[in-house]
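*Asks:* Residue numbers (the numbering used here): 1 to 238.
Using N, Cα and C, we set each Cβ at its ideal position, and we do this for glycine too.
On a predicted model such as this, the values are computed, not experimentally measured, just so you know.
Sharing a structure here in structure tokens format.
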């Protein structure tokens, strides 16, 4: 009838707008992912330069300082050589910390499950009063490096907050997938987060990174513990 004929162009226009919106959303998701991937690649390059260039230089400086100390004819020169060696050691420690902050060396080299388990074991040794448990679903797929790094950082930031700020005695982490998502929950029994500053810089940065990758993060804290849940797409837009 005439009404349907008159309505057809409107319906076609709505369909075209819906298609354009869907395409724009997909394009935006791809762009956001490229931003994260590009930033990760830049951090990887900086970390590689620090490791390959700074590390050997500091080692050489330490060796030369030790040699100078051993060959020094008087105590004054020996003391200065020892100071140089101590400064070289301090710079080396800072360099290792920077490398870990930029990019954990094992990301991209070991399976994600092994990287997470290794970190949890290390934190358990460093903080023996806190029971840290990691539960991984069997047969987890291997994510790309951007997602792997994000999941690692969520775990790292959550454990760090629970230990250093919430005085937690138990921390439980679970990682699994559903048909469309990565899902991680980190819960502790600490004193919770300060309601006036619910998220520090670390958690805020994680939320922003997760959003750029098309995911979401939620945080709940009621004074008797904190729970962080992160959801990331299992597959990423091409």
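Thinking just about the alpha-carbon of each residue, which of 100, 82 and 190 is nearest to the one in residue 222?
*Replies:* To locate residue 222, count along the chain shown from 1; it is residue 222. When only C-alpha atoms are compared, the closest one is 190.
*Asks:* In this structure, what does DSSP give as the bridge partners for residue 131?
*Replies:* Taking the chain shown and counting its residues from 1, the one referred to as residue 131 is at position 131. Answer is 170.
*Asks:* By the 10 Å Cβ neighbour count, where 16 or more other Cβ atoms means buried, how is residue 77 classified, buried or exposed?
*Replies:* In the chain shown, counting from the first residue as 1, residue 77 sits at position 77. With fewer than 16 Cβ atoms within 10 Å of its Cβ, residue 77 is classed as exposed.
*Asks:* For residue 154, report the span of its beta strand (DSSP E) as first-last.
*Replies:* Here residue 154 refers to the residue found at position 154 of the chain shown. Where residue 154 is concerned, there is no enclosing beta strand (DSSP E), although the alpha helix (DSSP H) it sits in stretches over 145-164.
*Asks:* If you run the structure through DSSP and keep just helix, strand and coil, what is residue 183?
*Replies:* As a position in the chain shown, residue 183 is number 183, starting the count at 1. Here residue 183 sits in strand by DSSP.
*Asks:* Going by DSSP in three states, residue 97 sits in which element: helix, strand or coil?
*Replies:* One-based indexing of the chain shown puts residue 97 at position 97. Of the three classes helix, strand and coil, the one that applies to residue 97 here is helix, per DSSP.
*Asks:* How close, in whole Å, do the beta carbons of residue 229 and residue 185 come, if the pair is a contact with beta carbons under 8 Å?
*Replies:* Working through the chain shown from its first residue, we reach residue 229 at position 229. Working through the chain shown from its first residue, we reach residue 185 at position 185. Yes, residue 229 and residue 185 are in contact; Cβ-Cβ is about 5 Å, under 8 Å.
*Asks:* Can you give the Cα-Cα distance for residue 146 and residue 110, rounded to whole angstroms?
*Replies:* On the chain shown, residue 146 is found 146 positions in, with the first residue counted as 1. On the chain shown, residue 110 is found 110 positions in, with the first residue counted as 1. Their backbone Cα atoms lie some 14 Å apart in a straight line.
*Asks:* Smallest Cα separation from residue 207: which of 138, 231 and 166?
*Replies:* As a position in the chain shown, residue 207 is number 207, starting the count at 1. Answer by Cα proximity: 231.
*Asks:* Is it right to say residue 36 is buried, meaning 16 or more other beta carbons lie within 10 angstroms of its own, or is it exposed?
*Replies:* Taking the first residue of the chain shown as position 1, residue 36 is located at position 36. Classification of residue 36: buried, given that the 10 Å Cβ count is 16 or more.
*Asks:* DSSP on residue 73, reduced to helix/strand/coil?
*Replies:* In the chain shown, counting from the first residue as 1, residue 73 sits at position 73. Residue state, collapsed to three classes: coil.
*Asks:* Residue 45: which of 34, 10 and 103 sits nearest, CA to CA?
*Replies:* By 1-based counting over the chain shown, the position of residue 45 is 45. Of the candidates 34, 10 and 103, the one whose C-alpha sits nearest the C-alpha of residue 45 is 103.
*Asks:* With DSSP as the reference, identify every bridge partner of residue 227, one or two as the case may be.
*Replies:* Against the chain shown, residue 227 aligns to sequence position 227. In the DSSP output, where bridge partners are listed per residue, residue 227 has 187 and 220.
*Asks:* Under 9 Å between the Cβ atoms of residue 59 and residue 92?
*Replies:* To locate residue 59, count along the chain shown from 1; it is residue 59. To locate residue 92, count along the chain shown from 1; it is residue 92. In this structure, residue 92 lies closer than 9 Å to residue 59 by Cβ.
*Asks:* Have a look at 182, 227 and 96 and flag the residue whose alpha-carbon is nearest the alpha-carbon of residue 166.
*Replies:* In the chain shown, counting from the first residue as 1, residue 166 sits at position 166. When only C-alpha atoms are compared, the closest one is 227.
*Asks:* Determine which residues share a DSSP beta bridge with residue 233 and list them.
*Replies:* For the purposes of this step, residue 233 is identified with residue 233 of the chain shown, where counting begins at 1. Answer is 181, bridged to residue 233.
*Asks:* Taking the alpha helix (DSSP H) that residue 125 belongs to, which residues open and close that run?
*Replies:* Walking along the chain shown from the start, residue 125 turns up at place 125. Here the alpha helix (DSSP H) through residue 125 covers 112-126.
*Asks:* My output table needs one value for residue 136: the three-state DSSP class, helix, strand or coil.
*Replies:* Residue 136 sits at position 136 when you count from the first residue of the chain shown. Strand.
*Asks:* Check whether the segment 59-75 touches the segment 121-138, taking contact to mean three or more Cβ pairs, one atom from each stretch, closer than 8 Å.
*Replies:* Short answer: they don't touch.
*Asks:* Between the Cα of residue 125 and those of 135, 56, 163 and 175, spot the shortest distance and give me the residue it belongs to.
*Replies:* Here residue 125 refers to the residue found at position 125 when the chain shown is read from its first residue. Nearest option by C-alpha distance: 163.
*Asks:* Nearest by alpha-carbon distance to residue 63: which of 28, 83, 48 and 52 is it?
*Replies:* Here residue 63 corresponds to residue number 63 of the chain shown, with the count starting at 1. Cα-wise, what sits closest to residue 63 is 83.
*Asks:* Nearest-angstrom Cα distance between residue 96 and residue 12?
*Replies:* Translated into positions along the chain shown, residue 96 becomes position 96. Translated into positions along the chain shown, residue 12 becomes position 12. Taking the straight line from one Cα to the other gives about 59 Å.
*Asks:* Considering only DSSP beta bridges, list what residue 175 is partnered with.
*Replies:* To locate residue 175, count along the chain shown from 1; it is residue 175. Answer is 136 and 184.
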